[in-house]
Amino acid sequence: MTMNPLDPSQIQLTEDGRLKHFLTTEGLSKEILTEILDTADSFIGTQARSVKTVPLLRGKTVVNLFFENSTRTRSTFELAAKRLSANILNLDIARSATSKGETLMDTLWNLESMYSDMFVVRHADSGAAHFIAQHVTPNVAVINAGDGRHAHPTQAMLDMLTIRREKGSFENLTVAIVGDILHSRVARSQIYALNTLGAKEVRVIGPNTLLPQEIESLGAKAYNNMNQGLKGVDVIIMLRLQKERMQNALLPSEAEFYRLYGLSTDKLALANPDAIVMHPGPINRGVEIESAVADGPQSVILKQVSNGIPMRMAVMAMAMGGQQSGQNKEEV
Amino acid sequence: MKIQPQHTICIQGGHVFDPSENLDAIMDVYIENDCIVALGKAPEGFKAEETINAKGKMIFPGFIDTNAFLSEPGFTQKGTINSETQAAAQSGITTLCCTPNSKPVLDSSAQVTLVQDKAKQAGFCKVLPIGALTAGLNGEQLSNMHGLKEAGCIALSNQETSFKDGHVIKQCYHYAAGFGITVMATPLDPALAQDGCMHESATSTQLGFAGIGESAETTALAQHLILAEETGVKLHISRVSSQRALDMINAAKRNGLNVTADVALGNLIFNAEDCAGYNSLMHVTPVYRSKQDQTALINGVNKGELSICSNHLPQDIASKMAPFAASEKGISVLDSFSSVIFSLVKNKQLTLEAAIASISSLPAKQLNIAAGVIKVEAAADLCIVDLDASITHTESNMVSGGKNNPWLDQPLSGKVTHTINNGHIVYQS
Chain A
47 MTMNPLDPSQ
57 IQLTEDGRLK
67 HFLTTEGLSK
77 EILTEILDTA
87 DSFIGTQARS
97 VKTVPLLRGK
107 TVVNLFFENS
117 TRTRSTFELA
127 AKRLSANILN
137 LDIARSATSK
147 GETLMDTLWN
157 LESMYSDMFV
167 VRHADSGAAH
177 FIAQHVTPNV
187 AVINAGDGRH
197 AHPTQAMLDM
207 LTIRREKGSF
217 ENLTVAIVGD
227 ILHSRVARSQ
237 IYALNTLGAK
247 EVRVIGPNTL
257 LPQEIESLGA
267 KAYNNMNQGL
277 KGVDVIIMLR
287 LQKERMQNAL
297 LPSEAEFYRL
307 YGLSTDKLAL
317 ANPDAIVMHP
327 GPINRGVEIE
337 SAVADGPQSV
347 ILKQVSNGIP
357 MRMAVMAMAM
367 GGQQSGQNKE
377 EV
Chain B
4 MKIQPQHTIC
14 IQGGHVFDPS
24 ENLDAIMDVY
34 IENDCIVALG
44 KAPEGFKAEE
54 TINAKGKMIF
64 PGFIDTNAFL
74 SEPGFTQKGT
84 INSETQAAAQ
94 SGITTLCCTP
104 NSKPVLDSSA
114 QVTLVQDKAK
124 QAGFCKVLPI
134 GALTAGLNGE
144 QLSNMHGLKE
154 AGCIALSNQE
164 TSFKDGHVIK
174 QCYHYAAGFG
184 ITVMATPLDP
194 ALAQDGCMHE
204 SATSTQLGFA
214 GIGESAETTA
224 LAQHLILAEE
234 TGVKLHISRV
244 SSQRALDMIN
254 AAKRNGLNVT
264 ADVALGNLIF
274 NAEDCAGYNS
284 LMHVTPVYRS
294 KQDQTALING
304 VNKGELSICS
314 NHLPQDIASK
324 MAPFAASEKG
334 ISVLDSFSSV
344 IFSLVKNKQL
354 TLEAAIASIS
364 SLPAKQLNIA
374 AGVIKVEAAA
384 DLCIVDLDAS
394 ITHTESNMVS
404 GGKNNPWLDQ
414 PLSGKVTHTI
424 NNGHIVYQS
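Here the protein sequences line up with chains A and B, keeping their order.
At position 249 of the first sequence (counting the first as 1) the number is 295 in the working numbering, and the numbers step up by one without a gap.
At position 305 of the second sequence (counting the first as 1) the number is 308 in the working numbering, and the numbers step up by one without a gap.
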């Protein structure tokens, strides 16, 4: 007598298994994730040219629907859409309609009436992108740019792209994600992607108060002790620690957090010698990472930033392609 | 709907089943005015003005629901006393305890009387209001408890709102105990529950939600049990959600505490894993917990430890059209209430004896309600059920104003064909 749970992997795929929304890395096959990485790789080439635009989304309208403030992620989506030749509309909803009492559905219906083709959504509620994908009219693609603590799949995939370009493949990699796992949508998306792409082991490192309940069920080994957790690791992903975490009885102090979980040169030495250091940004120097490490030779943090645009171009192009294949079928 | 005055009814050939009276046989039931006047053999000179053929069907006591939100006053966009009690009658419910969290809150005898009048006017089932334990459900100031009891409240409760502190709970219980008022509580420590919207579990981690751990229920429950013991108040724990909480209640009973409890029907059917996919119909309070909790609660019903309430909470479409945590809580249960319970019987999860007792004689005993029994001279509150028939509720055939029913479009087994309330046929399929 259960209801039909909407399989998150099904809602983002067309009947013939192509991407039509990009909401989460959970449940997507290795083939799809690899196709995303390959497509992004192909766009990296176009980024070095003097003319950076490709005409894949010419005539399409992309709406950046940010219910939560974010300058960085929104800018990369905007740039990615422009480089695909799309028209882009930026809506800073955090400060407009919803504060006047308009519901999420009303906002959506209004935007649909303007014949948009794609929504890039960031929202503070987990499952918001999912909800929007369920309720938009067919042929409108939804890209999740971060929903609550649930998922941030484009960030996770640009991290995967960075790892693959640095390490070649995922097969023998041990990856540690360090810090505030509890509140991190990026960590959840990374754990699913890494497992699907065949990483040898995924670890999460943090104090119990920042590790969510039964995190191991997602496919990650939990460590409280960073020195143990970093042993034999090939990739270290540091997460940003929000300062307000000190207030809700989650952490004693920044100093103790840094001492236990800050990535210092000493701690980095415990990982494999060729380990790379990543961070989704923006970084808190001296809170979760030592400056010498952030700027050091093992850091690929700025490469992550450059990979952000081709990755977002890739998922936008693929989702639009999936929507169009569906549309063509209906017309036949 | 207007009730047709009926003076005598004979229900022929039905299988009368009431475990509390050891009734389990085919016999005729004779009703005169609002009373059952004979079982089996017609009283001398009885002339039936109306005869119901119940061959092949079961006759149960009219059901009792100990917790339903009727939406009125204040939320008529979600449902009305008329629509919601009609939905209840279609499920064979003849006595329903409505919650105090209307707008205005049921914290004055005037409001209580208004609800009773509207329910009487509708005529579908007897409505016994649960009054507010604190003024305006503010969790701080005692309500006019004695006045509320006199106005007809069956119990008093603070519903989902939290108390300012333990002192207020103690004072409420102390005051209520002096007047023999039953209090209902749904324990939840707000600090431990925080901004959680589902059970803390692998699923909450997967979906990215803050979870409400079992300890949010059990630590608060310990406080309520201890204060009930200290003050001597009659405490009814409304909507137990975890195995541990049920164990604690049973232990308190063994130690002599006068405490009773019920469980919401949804918590017998769903568990935290059903929240996967962000189905906003699974956003409820109390939250659906683990499979193990679900099984323990079903066992609790089978053992007669828990009665079953609907926890009916109708919502308009807009309230559920939002991302999970932002959607309004609750499900619309009354239309499907008894069919879902009969389906549990059919799946052999509940025995028929326990299922019927849990919605008739047990809640009657728990809350001291004079109903829920089939016997001569008792009120003629009955329902006739075809256990072999199946019923499917759809958005269009549902009666409740809230279409947030998680069983829509699913065939359920067991169909109420007649509901008789105080000797009046208030529903006939």
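Here a beta-carbon is modelled for each residue, glycine too, at the ideal position from N, C-alpha and C.
Query, Result
"Pick from D110/B, A92/B and Q144/B: whose alpha carbon is nearest that of V130/B?", "A92/B"
"Whose CA, out of R195/A, V182/A, M324/A and V250/A, lies closest to the CA of Q369/A?", "V182/A"
"Please report the distance separating the alpha-carbon of L316/A from that of G216/B.", "36 Å"
"According to DSSP, which residues form a beta bridge with C200/B?", "Bridge partners of C200/B: none, in fact."
"What's the call for K351/B, buried or exposed, on a 16-neighbour Cβ count within 10 Å?", "exposed"
"So is N371/B buried or exposed if we call it buried at 16+ other beta carbons inside 10 Å?", "exposed"
"Which residues share a DSSP beta bridge with R467/A?", "This structure cannot settle anything about residue 467/A, because the visible part of chain A is limited to 47 through 378."
"E2/B touches chain A at which residues, Cβ-Cβ below 8 Å?", "Since the first and last residues shown for chain B are 4 and 432, residue 2/B lies out of range."
"Could you give the DSSP three-state label for H315/B: helix, strand or coil?", "strand"
"Rounding to the nearest angstrom, what Cα-Cα distance links S345/A and L314/A in this structure?", "11 Å"
"Cβ closer than 9 Å: which chain B residues qualify as neighbours of D150/A?", "What sits at residue 150/A in the sequence shown is Leu, not Asp. Under the 9 Å cutoff, chain B gives M324, A325, P326 and A329."
"Is the beta carbon of A328/B closer than 8 Å to that of C200/B?", "yes"
"Tell me, please, which residues DSSP counts as bridged to F66/B.", "I96/B"
"Check whether chain A comes within 8 Å of L210/B, counting only Cβ atoms and requiring the distance to be less than that.", "yes"
"By the three-class DSSP mapping on this structure, what secondary structure does V236/B have?", "coil"
"Can you list, in chain order, the residues of its chain with a C-beta nearer than 7 Å to that of M272/A? Leave out the 5 residues immediately preceding and following it.", "V224, I251, L306, Y307 and K313"
"By Cβ distance below 7 Å, which residues in the same chain neighbour K256/B in space, the five residues on each side in sequence not counted?", "V262"
"Using the rule of at least 16 other Cβ atoms within 10 Å of the residue's Cβ for burial, across every protein chain shown, is D62/A buried or exposed?", "exposed"
"Check whether the stretch 155-170 of chain A and the stretch 227-236 of chain A touch, using three or more Cβ-Cβ pairs below 8 Å as the test.", "no"
"Cβ closer than 8 Å: which chain B residues qualify as neighbours of L264/A?", "A205, T208 and Q209"
"Taking contact to mean at least 3 C-beta pairs separated by less than 8 Å, is the stretch 331-344 of chain B in contact with the stretch 395-406 of chain B?", "yes"
"Output, in chain order, the set of chain B residues within a Cβ distance shorter than 8 Å of A197/A.", "G211"
"Measuring only between beta-carbons, confirm whether G214/B sits less than 8 Å from chain A.", "yes"
"In chain C, which residues lie with their C-beta within 8 Å of the C-beta of D320/A?", "No chain C appears in the structure shown, which is made up of the protein chains A and B."
"Under 8 Å, Cβ to Cβ, is there at least one residue of chain B near S172/A?", "yes"
"What in chain B is Cβ-close to H67/A, meaning under 9 Å?", "Result: empty, since nearest Cβ-Cβ is about 14 Å, beyond 9 Å."
"For R286/A, I'd like the list of residues in its chain whose CB is within less than 8 Å of its CB, leaving aside the five on either flank, ordered along the chain.", "G225, D226, H325, P326, G327, P328, I329, N330 and E334"
"Please report the straight-line C-alpha distance between I282/A and S215/A, rounded to a whole angstrom.", "16 Å"
"So, are the CB atoms of V410/A and L204/A less than 8 Å apart?", "Not covered by the structure: residue 410/A. The range shown for chain A is 47 to 378."
"Confirm, please, whether the CB-CB distance from L191/B to A223/B is below 8 Å.", "yes"
"Name the DSSP bridge partner or partners of H169/A?", "D193/A"
"State yes or no: is the C-beta of S204/B within less than 8 Å of the C-beta of S111/B?", "no"
"Nearest-angstrom Cα distance between K332/B and Q226/B?", "26 Å"
"According to DSSP, which residues form a beta bridge with H170/B?", "Answer by DSSP bridge pairing: none, since H170/B is not bridged."
"Can you tell me which of P193/B, G235/B, Q209/B and E233/B puts its alpha carbon nearest to the alpha carbon of S218/B?", "P193/B"
"For G194/A, go through chain B and note every residue whose CB falls closer than 7 Å to its CB, in chain order.", "G211"
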